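Throughout the sequence shown, residue numbering follows my numbering, covering 1 to 142 in sequence. What follows is one structure encoded as structure tokens, with my remarks underneath.
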Amino acid sequence: MTSLPETTTTDTAGTDTAADDAAPGTAAVPDVPAVSAVPATPATPQGWARKPSTAPTGSIPEHERMITDARERIDAIDDRIIGLIQERSAVSAVVQKARVEAGGRRVNLSREMEVLSHYRDALGKQGTALAMTLLELSRGRV
1 MTSLPETTTT DTAGTDTAAD DAAPGTAAVP DVPAVSAVPA TPATPQGWAR KPSTAPTGSI
61 PEHERMITDA RERIDAIDDR IIGLIQERSA VSAVVQKARV EAGGRRVNLS REMEVLSHYR
121 DALGKQGTAL AMTLLELSRG RV
């Protein structure tokens, strides 16, 4: 069994976490890759990576360099977000499988409401939409 911090398992989509039965601050989650198992730079979808400019640095206006640098940073952040979503889905699948094997339901609606509330409180109305998308991505992978 791999032990993950409770904050990692509080994101499981639509399911109870094992945190109820684990020691405070940790939750036992079997067969889930650790955070370090997620590639530092996930595969980039075709056409996504921006190619560095071949023009000499001095010939590019400062605002263009700033925009290019910012876009590259955004692309790197997006790659990390995609990796975290994939990790979240894997953890959710473990929880769903354990619930079903124990005779429970795959989805726990009260847990989903907690997730929706958490995202709404943190991000507003759009947070609710984001949470719904994450929950949908994480369901049914047992």
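Note that CB positions come from ideal geometry on N, CA and C, so glycine has one too. Only a predicted model underlies this, so the values are computations on that prediction, with no experimental measurement involved.
With three or more CB-CB distances shorter than 8 Å, the region 80 to 93 counts as touching the region 133 to 140.
Scanning R80, G127, D79 and E64 for the CA closest to the CA of M113 turns up G127. Judged by beta-carbon spacing, S138 lies within the 8 Å limit of S92, meaning their Cβ atoms are closer than that value. Here the alpha carbons of D78 and R71 stand approximately 10 Å from one another.
Beyond the five residues adjoining it in sequence on each side, P61 comes within less than 8 Å, by CB distance, of no other residue in the same chain. Only residues of its own chain outside the window of five on either side were considered, and among them R99 have a CB closer than 8 Å to the CB of R105, listed in chain order.
By the 16-neighbour rule on beta-carbons within 10 angstroms, L116 is buried. Cβ neighbours of L130 within its own chain (closer than 7 Å, five residues either side excluded): Y119 and L123.
In the DSSP assignment, R80 falls within the alpha helix (DSSP H) that extends over E62 to E101.
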